[in-house]
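Visitor: 22 is the number of the first residue of the sequence shown in my numbering; add one for each residue after it. Here it is: the structure, laid out below.
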Amino acid sequence: MNKALHKYIVYVSLIFVTVALYKANYLHIPQIISFPFLCSSIFLLCLGFIGSAISWFSILKLSQVPAPFFSCLASIGLSIFGKYIPGKIWIIMGRATYISENYGYPIAKLARLSLYTQLIALWSGLTLGVIGIFYLNANHILSWFALFLWTFLSLTLFSNMTQRAIKAILKVLFKKKIVLDSPNYQLIFKVLPWFFGYWILWAFGFYLLAISLINANIQLSLGLGFSLAGTFGIMTVVAPGGLGVREGFLVGYLLIAGLNGADATTLSVSSRLWFLLGEIFIFFIGLCCHQALKKKKLHSTKSSFLF
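Now the structure itself:
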């Protein structure tokens with residue numbers, strides 16, 4: 022494994038996010054009704070990204086491959102744009118590679134833990150989204166599609182039988198034995214509050230974004246639509262960063278919630294720029310942590326050489 026692999030992932034992901042956002046034309050700034058609510062929504066969004074780093078930190082610690090929290094922040098931040106690279110695998114490999122390169126843990130184990138981190142994130146976000154759409158009493162194809170995906174993810178995370186079936190299918194597809202850790206229920210339940218925590222922060226932040234942009238009667242449950250659409254976007258492998266997919270599902274949820282087509286479209290498209298601000302925030306936080314850790318390591322090396 023190339024010691025500078027995470028650097029290449031960062032460079033390539035920055036290129037892809039720039040091209041993807043330019044082509045998608047999602048950078049239009051809408052009319053703002055309330056700046057205080059908008060600023061509050063961005064604050065909660067950024068807190069949510071910090072929460073995602075805490076979740077990764079907790080999983081590593083409980084899995085006996087601990088890394089300092091600032092290193093976890095760096096690994097999350099520097100790999101955040103990896104989801105814009107087609108295939109979505111690089112956001113998983115990016116954080117795993119960073120920790121492996123800096124602390125010498127086996128990349129295979131870290132990659133599996135990063136994959137489980139992603140699955141738990143999807144499950145917790147989808148759980149909130151399913152609660153939101155059924156709270157709306159929506160007998161809609163979107164409701165049943167969400168429930169189907171939630172059931173599938175639940176079986177993947179919590180069923181040994183499903184895990185064995187997945188291993189068998191992967192073995193047939195790739196003509197080799199695939200190593201997957203068995204579900205660690207104790208670990209999952211210990212870290213779930215952190216995952217639910219940052220999805221709730223994002224959901225409430227999206228609710229505040231809605232009331233800062235849309236002059237309408239908006240229910241608090243509307244925020245859960247972002248959790249639902251966000252997980253759909255992540256699970257769509259072919260769409261870089263879920264571009265178009267997340268917005269499409271979000272429009273559908275907002276229409277079910279009672280918004281008109283124009284408001285639903287405005288809010289959905291604006292959410293991309295809003296979330297991008299959070300991604301830029303965590304990227305620069307990760308970059309600062311990386312540089313600080315790099316200087317600390319260099320200082321420690323020089324001190325050891327002198328003594």
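Where is the CB? At the ideal position from N, CA and C, for every residue including glycine.
#1: Entirely within the stretch 90-127 and at least 4 residues each: give me those alpha helix (DSSP H) ranges in chain order.
#2: From this set, Asn158, Pro214, Gln139, Ile154, which residue's C-alpha is nearest Leu178's C-alpha?
#3: Pick helix, strand or coil for Asn181, following the three-state DSSP scheme.
#4: In this structure, does DSSP put Val40 in helix, strand or coil?
#5: Beta-carbon within less than 8 Å of Leu157's beta-carbon, same chain only, minus the 5 sequence neighbours each way: which residues are those?
#6: Looking at the structure shown, is Ser84 part of a helix, part of a strand, or coil, going by DSSP?
#7: Assuming the contact rule is C-beta atoms closer than 8 Å, Gly273 and Gly69 should be a hit. Round their C-beta distance to whole Å, please.
#8: How should Ile209 be labelled, buried or exposed, when 16 other C-beta atoms within 10 angstroms of its C-beta is the threshold for buried?
#9: Between Thr148 and the rest of its own chain, which residues show a CB-CB distance below 7 Å, the 5 nearest in sequence each way excluded?
#10: Does the contact criterion of 3 or more C-beta pairs under 8 Å hold for the stretch 300-314 versus the stretch 246-258?
#11: Name the residue from Ile106, Leu94, Ile221 whose alpha carbon lies nearest to the alpha carbon of Ile152.
#12: So which of Ile112, Ser175, Pro87 has the shortest CA-CA distance to Gly98?
#13: Between Gly254 and Tyr228, is the Cβ-Cβ spacing less than 8 Å?
#14: Can you tell me the Cβ-Cβ gap for Asp284 and Ile235, rounded? I've got them flagged as a contact below 8 Å.
#15: Tell me whether the beta-carbon of Ile101 lies closer than 8 Å to the beta-carbon of Phe304.
#16: Assess, as a yes-or-no matter, whether the stretch 76-87 is touched by the stretch 126-138 under the definition of 3 or more beta carbon pairs within less than 8 Å.
#17: With H, G and I counted as helix, E and B as strand and the rest as coil, what does DSSP make of Ile152?
#18: With a cut-off of 8 Å, does the C-beta of Val266 fall near any C-beta of chain B?
#19: Between the alpha carbons of Val86 and Tyr126, how many angstroms are there, rounded?
#20: Are there 16 or more other CB atoms within 10 angstroms of the CB of Asn281, so buried, or fewer, so exposed?
#21: How about Ala117 and Leu94: are their beta carbons less than 8 Å apart?
#22: Tell me the rounded alpha-carbon separation between Thr286 and Val266.
Guide: Quick look at the numbers:
#1: 90-99, 110-124
#2: By one-based count along the sequence shown, residue 178 stands at place 157. With distances taken between Cα atoms, Leu178 lies closest to Gln139.
#3: For the purposes of this step, residue 181 is identified with residue 160 of the sequence shown, where counting begins at 1. Three-state result, Asn181: helix.
#4: In the sequence shown, residue 40 corresponds to position 19, counting from 1. In this structure, Val40 counts as helix in the three-state DSSP scheme.
#5: Here residue 157 refers to the residue found at position 136 of the sequence shown. Closer than 8 Å at the Cβ level, and outside the excluded window around Leu157, lie Ser242, Ile277, Ala278.
#6: Taking the first residue of the sequence shown as position 1, residue 84 is located at position 63. Looking at Ser84 - three-state DSSP - the assignment turns out to be coil, as it is neither helix nor strand.
#7: One-based indexing of the sequence shown puts residue 273 at position 252. One-based indexing of the sequence shown puts residue 69 at position 48. Actually they are not in contact, since the Cβ atoms of Gly273 and Gly69 sit about 23 Å apart, beyond 8 Å.
#8: If you number the sequence shown from 1, residue 209 lands on position 188. When all chains shown are included, Ile209 counts as buried.
#9: Start at 1 with the first residue of the sequence shown, and residue 148 comes out as number 127. Trp171, listed in sequence order.
#10: no
#11: Within the sequence shown, residue 152 is the residue found at index 131, counting from 1. Among Ile106, Leu94, Ile221, the Cα nearest to that of Ile152 belongs to Ile221.
#12: One-based indexing of the sequence shown puts residue 98 at position 77. Comparing Cα positions, the closest option is Ile112.
#13: Position 233 of the sequence shown, counted from the start, is the residue given in the question as residue 254. Position 207 of the sequence shown, counted from the start, is the residue given in the question as residue 228. Contact annotation: Gly254 and Tyr228 have beta-carbon atoms that are not nearer than 8 Å.
#14: Within the sequence shown, the letter at position 263 stands for residue 284. Within the sequence shown, the letter at position 214 stands for residue 235. Between Ile235 and Asp284 the Cβ distance is about 5 Å, and since that is below 8 Å, they are a contact.
#15: If you number the sequence shown from 1, residue 101 lands on position 80. If you number the sequence shown from 1, residue 304 lands on position 283. Cβ distance < 8 Å, so Ile101 and Phe304 count as in contact.
#16: yes
#17: Position 131 of the sequence shown, counted from the start, is the residue given in the question as residue 152. Residue state, collapsed to three classes: helix.
#18: The structure shown contains no chain B; it holds only a single protein chain.
#19: The sequence position of residue 86 within the sequence shown is 65, counting from 1. The sequence position of residue 126 within the sequence shown is 105, counting from 1. Going by the C-alpha atoms only, they are around 7 Å apart.
#20: Mapped onto the sequence shown, residue 281 falls at position 260. Counting Cβ neighbours within 10 Å, Asn281 comes out exposed, since fewer than 16 surround it.
#21: Taking the sequence shown and counting its residues from 1, one reaches residue 117 at position 96. Taking the sequence shown and counting its residues from 1, one reaches residue 94 at position 73. Cβ atoms of Ala117 and Leu94: not closer than 8 Å.
#22: As a working note, residue 286 is residue 265 in the sequence shown. As a working note, residue 266 is residue 245 in the sequence shown. Each residue's alpha carbon lies about 13 Å from the other.
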